[in-house]
Amino acid sequence: MRRLKLWAIIAAAALVAGSLFIALAHHAAKRRELMRGVTTTSIPVSGGVHLAAEVVTPQTSGRHPLVVMPTSWGAEETQYEYVARLFADAGFQVVAYTQRGFTNSGGVIDFAGPVTVADASTVIDWALKHTDADPDEIGMLGDSYGAGVSLLAAERDPRIKAVTALSTWTDWGYSFAPNDTVSVQALHVLMTVGASKGRLGPDLTRLNAVYATDPSAAVTLIDQLAATRSPIDGVAALNKNKTAVLLANGEQDSIFAPQQLVTFYDKLTGPRRLQLAVGDHTQAELQGFLGKKVGPVADALEWMSHYLLGTANGIDTAAPIQLEDAATLTTHSYQSWPAADSTRDLPLPDGAVNAGHVPGRWTSLIATGIDTQAHTAPETVNLTAPYRFATANVAGIPTTSGLRWSSPEVTAPQTISGTPKLTMSVASTGASATFFAYLYDVSGTGLGTLMSTTPETITGLASGTPRSVSLDLTPVAWTLAAGHHLALVVDTVDARWSTRNAAGTTLAFSSPAALSLPEPS
Numbered sequence: 216m217r218r219l220k221l222w223a224i225i226a227a228a229a230l231v232a233g234s235l236f237i238a239l240a241h242h243a244a245k246r247r248e249l250m251r252g253v254t255t256t257s258i259p260v261s262g263g264v265h266l267a268a269e270v271v272t273p274q275t276s277g278r279h280p281l282v283v284m285p286t287s288w289g290a291e292e293t294q295y296e297y298v299a300r301l302f303a304d305a306g307f308q309v310v311a312y313t314q315r316g317f318t319n320s321g322g323v324i325d326f327a328g329p330v331t332v333a334d335a336s337t338v339i340d341w342a343l344k345h346t347d348a349d350p351d352e353i354g355m356l357g358d359s360y361g362a363g364v365s366l367l368a369a370e371r372d373p374r375i376k377a378v379t380a381l382s383t384w385t386d387w388g389y390s391f392a393p394n395d396t397v398s399v400q401a402l403h404v405l406m407t408v409g410a411s412k413g414r415l416g417p418d419l420t421r422l423n424a425v426y427a428t429d430p431s432a433a434v435t436l437i438d439q440l441a442a443t444r445s446p447i448d449g450v451a452a453l454n455k456n457k458t459a460v461l462l463a464n465g466e467q468d469s470i471f472a473p474q475q476l477v478t479f480y481d482k483l484t485g486p487r488r489l490q491l492a493v494g495d496h497t498q499a500e501l502q503g504f505l506g507k508k509v510g511p512v513a514d515a516l517e518w519m520s521h522y523l524l525g526t527a528n529g530i531d532t533a534a535p536i537q538l539e540d541a542a543t544l545t546t547h548s549y550q551s552w553p554a555a556d557s558t559r560d561l562p563l564p565d566g567a568v569n570a571g572h573v574p575g576r577w578t579s580l581i582a583t584g585i586d587t588q589a590h591t592a593p594e595t596v597n598l599t600a601p602y603r604f605a606t607a608n609v610a611g612i613p614t615t616s617g618l619r620w621s622s623p624e625v626t627a628p629q630t631i632s633g634t635p636k637l638t639m640s641v642a643s644t645g646a647s648a649t650f651f652a653y654l655y656d657v658s659g660t661g662l663g664t665l666m667s668t669t670p671e672t673i674t675g676l677a678s679g680t681p682r683s684v685s686l687d688l689t690p691v692a693w694t695l696a697a698g699h700h701l702a703l704v705v706d707t708v709d710a711r712w713s714t715r716n717a718a719g720t721t722l723a724f725s726s727p728a729a730l731s732l733p734e735p736s
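Going by the working numbering, the sequence shown wraps up at 736, each residue one higher than the last.
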């Protein structure tokens, strides 16, 4: 419980970072500069609700492209002050607003339900009536909660020509129950912040009660709620309207796992761009939210400038996929999502003593419910320090409660970029099985640094009967240094997610097993 509370506090800070850190960073002179052309207002929307808003108007005369900015979870409209100033100085009319149910806006929080999504269009209507915004050049920009709402709004409002979604979700169900495994820590953070910063609506109140008592039962409810809250289900509308979509997340995003963005991106047929940078939720864009023209915020300005202002800045012709290498901090550019060029089977290392293991065709048993050194990161967002990767002594993981495979050391730097895929057979002495897969970069000293991970839950098992599973780990861009090797670890305990393993059960993993590694040339 102590770790859960610490994680909640840190991740909550990430979710409201736009408002919290900006408020701390303000000083009088900068504040006066930011407030040029800024007015505060209250915008009426449906249900008798009013939304608190800031309107930032360029100093030049005439029509200006409109960019609407809905806030992050728990944040207020001041979250976007620095970003809005960058855009206004570039010639955009900006309207930023606190979303329904939070702080100084009315209503209740429905987490991107139809009413909240419709608010974005109502704000556009208001802006076209009360400002000199150009009705033919309209965009949305959002961070976290505001990003998902921006995508959903663009699917329902063809007036929106361009969207920038930072630290976004595209599959609501996958975000909170990836592979049928509830993200209990993410839900805990969202509910805690939602209750403290606003008013939870009936759907979230129900979900809060269900997941708090039975995380497994929450999967069905999450699937139901996801039906109207997942941009991936409405991607056809974006394609029909040729909406220009920029997606930018952290590779280690612990709230909205980035694999869902890859699936969404692949379904887009209009102008599109996908950027994954090193860091947790909102970490890549925080410096931009503090006034620095860097990272995803700078890219967002170029994206909107090209598609709404018509600026020939080259962002439309650049490679649309940009992946930051976590080991070297260089950027790998691709025209399409990198596919696996080779498949390698990582055998159990010499000396492993998992029960039942034999060379070649093998079966290995592990006891469930026993924690190992393998775990997800101690999530953190820090403005002055790099992302903190989880580490483990892979060789020290007991083979009675975890499996491990290792590859040979590489003799020259080797880049892995894309989506690792794990295939194996799984059986359980119970009706369900939950396990977690971790991919490590192991140095010559034996210290493993977590590269990629994913949970998996299988239900409806016949006792002892294996079922073949194939699952994608989270996307990765990583260059192994010479003398390092890869290690894959599987265990059954991680505080970030729920488990369906009954007490005292045993899981059996068997061959053929393969880890498909994307190694683009």
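Glycine is no exception: its CB is placed at the ideal position from the N, C-alpha and C atoms.
Based on the DSSP secondary-structure assignment, which residues constitute the bridge partners of proline 285?
Beta-bridge pairing links proline 285 to Tyr312.
Give me the DSSP bridge partner(s) of aspartate 656.
According to DSSP, which records beta bridges pairwise, aspartate 656 is partnered with Thr664, Leu701.
Measuring CB atoms only, is the region 377 to 395 touching the region 299 to 316, in the sense that at least three cross pairs come out at less than 8 Å?
Touching, no.
Work out the CA separation of valine 282 and proline 628 for me, nearest whole Å.
Looking at the two C-alpha atoms, the distance is approximately 43 Å.
Following the continuous beta strand (DSSP E) through aspartate 540, name the residue where it begins and the one where it ends.
Premise fails: aspartate 540 is in no beta strand (DSSP E) and is neither H nor E.
How is alanine 377 classed by DSSP in three states: helix, strand or coil?
If DSSP states are grouped into helix, strand and coil, alanine 377 belongs with the strands.
Between which two residues does the beta strand (DSSP E) harbouring tyrosine 549 extend?
Tyrosine 549 -> beta strand (DSSP E) spans 546 to 549.
Evaluate contact between the region 611 to 622 and the region 665 to 672, counting only Cβ atoms and requiring at least three cross-stretch pairs below 8 Å.
Contact between the region 611 to 622 and the region 665 to 672 is absent, because fewer than three Cβ pairs lie under 8 Å.
Go to threonine 255, then tell me how far its beta strand (DSSP E) extends in each direction, as first and last residue.
From DSSP, the beta strand (DSSP E) with threonine 255 extends over 253 to 259.
Would you tell me roughly how many angstroms separate the C-alpha atoms of alanine 238 and isoleucine 673, rounded to the nearest one?
A caution first: alanine 238 carries a pLDDT of 41, below 50, which makes its placement in the model unreliable, though a value can still be read off. Using only the alpha carbons, I get a separation of about 45 Å.
Beta-carbon within less than 6 Å of serine 336's beta-carbon, same chain only, minus the 5 sequence neighbours each way: which residues are those?
Within the same chain, serine 336 has close Cβ partners Asp372.
Measuring CA to CA, which of Glu291, Ala327, Ala697, Ser683 is closest to asparagine 784?
For residue 784 there is no data in the structure shown, the boundaries of the chain being 216 and 736.
Pick out whichever of Glu539, Ser261, Lys508 has its Cα sitting closest to the Cα of glutamate 466.
The shortest Cα separation from glutamate 466 among Glu539, Ser261, Lys508 belongs to Glu539.
What does histidine 265 pair with, by DSSP beta-bridge criteria?
DSSP, once it has assigned bridges, lists Pro259 as partnering histidine 265.
Less than 7 Å separating the beta-carbons of leucine 703 and leucine 732?
Contact flag unset, no.
Return the CA-CA distance between aspartate 706 and glycine 719, expressed in angstroms with no decimal places.
Cα-Cα distance, rounded: 14 Å.
Whole angstroms is fine: what's the gap from alanine 232's alpha carbon to leucine 301's?
Because alanine 232 carries a pLDDT of 42, less than 50, the predicted location of this residue cannot be relied on, and the following value inherits that uncertainty. Distance between the alpha carbons of alanine 232 and leucine 301 is about 18 Å.
If you count every other CB in all the chains shown that lies within 10 Å of the CB of phenylalanine 724, and 16 or more means buried, which is it?
Classification of phenylalanine 724: buried, given that the 10 Å Cβ count is 16 or more.
Assign leucine 405 to one of two classes, buried (16 or more other C-beta atoms within 10 Å of its C-beta) or exposed (fewer than that).
With 16 or more Cβ atoms within 10 Å of its Cβ, leucine 405 is classed as buried.
May I ask you to list the residues that DSSP assigns as paired with lysine 457?
Paired residue(s): none; lysine 457 is not in a bridge.
Threshold first: 4 residues or longer. Then list the alpha helix (DSSP H) segments lying entirely within the region 477 to 549, N to C.
Runs found: 501 to 504, 510 to 519.
Cα-Cα, which of Gln498, Thr532, Ala534, Ile324 is closest to alanine 600?
The residue with the shortest Cα to Cα distance from alanine 600 is Gln498.
Can you give me the start and stop residues for the alpha helix (DSSP H) that alanine 742 sits inside?
Only positions 216 to 736 of the chain appear in this structure, which leaves residue 742 out of reach.
Mind checking serine 551: buried by the 16 CB within 10 Å criterion, or exposed?
Label assigned to serine 551: exposed.
Helix, strand or coil for proline 733? Go by DSSP, reduced to three states.
Looking at proline 733 - three-state DSSP - the assignment turns out to be coil, as it is neither helix nor strand.
Could you check how far apart the C-beta atoms of glutamate 370 and proline 446 are, in whole angstroms? I think they sit under 8 Å.
About 6 Å; that satisfies the 8 Å criterion.
Is the region 319 to 330 touching the region 410 to 430, taking contact as three or more C-beta pairs under 8 Å?
Short answer: they touch.
Identify whether alanine 342 lies in helix, strand or coil by the three-state DSSP scheme.
Three-state DSSP puts alanine 342 in a helix.
To the nearest angstrom, report how far apart threonine 591 and glycine 661 are at their CA atoms.
Taking the straight line from one Cα to the other gives about 18 Å.
With a CB to CB cut of under 7 Å and the five nearest residues on each side skipped, what residues in its chain are close to threonine 664?
Excluding positions up to five away in sequence, the list reads Phe604, Thr606, Tyr655, Asp656.
Quick one: give me the first and last residue of the beta strand (DSSP E) that methionine 355 is part of.
Looking at the DSSP string, the run of the beta strand (DSSP E) that includes methionine 355 is 348 to 358.
Measure the alpha-carbon distance for glutamine 474 versus proline 535 and round it to whole angstroms.
If I take the Cα positions, the gap works out to 17 Å.
To which residues of the same chain is glycine 571 closer than 8 Å at the C-beta, ignoring the five residues directly before and after it?
With a pLDDT of 46 at glycine 571, under the threshold of 50, the modelled position of this residue cannot be trusted; read the value that follows with caution. These residues qualify, in order along the chain: Trp577, Thr578, Ser579, Leu580, Ala723.
Which two residues bound the contiguous beta strand (DSSP E) that contains arginine 682?
Segment 682 to 687, the beta strand (DSSP E) holding arginine 682.
What residue from Ala424, Asn394, Gly354 has the CA that sits closest to histidine 403's CA?
Of the listed residues, the one whose Cα sits closest to histidine 403 is Ala424.
Which residues in the same chain have their Cβ closer than 7 Å to the Cβ of threonine 443, if we skip the five residues on either side of it in sequence?
Same-chain partners within the cutoff: Gly328, Pro329.
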